[in-house]
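Numbering (our numbering), first residue to last: 58 to 227. Below: the structure, in structure tokens.
What follows is the structure, encoded as structure tokens:
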């Protein structure tokens, strides 16, 4: 019975999320919001990482009547337009939001020297050819020479990874 109750709860939550998807998307320190027929943007952390000065969308929201959802891919915002009568998607408009994206990083470099034994250096959000990576380096013996031991094949993920600290020996 508990299994059925838990399954029903999970299914209900999934259906609620699908039916009432929030018109919000987050990328590179910017929160994109569709509300009241407008696309606007706010900084994730306006004090530590304000939006770039060239971000016109922060000053003047874009008018998008009947907008219901937003997704960000690379430097474009894709806004879903829904027919107010049929409630079905009628079109998708795209907007260049590259001037609103920043180099915001939600982690800091960490060095753990392990009392003179083999230490570890963690460098988050290292940008290489337009992509960001989290790099892990280990100390060679007790010297101050370091070698790269972790350079993932994909872009950084710690912003979405709640167990980030478990993955590295900080």
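Think of the CB as a built atom: it goes at the ideal place given N, C-alpha and C, for glycine as much as any other residue.
Between the CA atoms of residue j and residue i - distance to the nearest angstrom
i, j, result
"residue 56", "residue 203", "Since the first and last residues shown for the chain are 58 and 227, residue 56 lies out of range."
"residue 116", "residue 208", "38 Å"
"residue 194", "residue 139", "49 Å"
"residue 170", "residue 119", "50 Å"
"residue 156", "residue 192", "27 Å"
"residue 131", "residue 154", "9 Å"
"residue 165", "residue 148", "41 Å"
"residue 175", "residue 125", "52 Å"
"residue 201", "residue 167", "15 Å"
"residue 83", "residue 99", "10 Å"
"residue 128", "residue 81", "8 Å"
"residue 133", "residue 88", "13 Å"
DSSP state of residue i mapped onto helix, strand, coil
i, result
"residue 144", "coil"
"residue 105", "coil"
"residue 157", "helix"
"residue 82", "strand"
"residue 208", "coil"
"residue 273", "Past the edges of the chain, shown from 58 to 227, lies residue 273, and the structure says nothing about it."
"residue 183", "strand"
"residue 218", "Low confidence applies here, because residue 218 scores a pLDDT of 45, under 50, leaving its location unreliable; read the following figure in that light. In the structure shown, residue 218 sits in coil (DSSP, three-state: anything other than H, G, I, E or B)."
Classification of residue i by the beta-carbon crowding that lies within 10 angstroms, buried from 16 upward
i, result
"residue 114", "buried"
"residue 143", "exposed"
"residue 96", "buried"
"residue 86", "buried"
"residue 145", "exposed"
"residue 121", "buried"
"residue 185", "exposed"
"residue 206", "exposed"
"residue 104", "exposed"
Segment contact flag, the segment 174-184 with the segment 98-113, C-beta cutoff 8 Å, min 3 pairs: no
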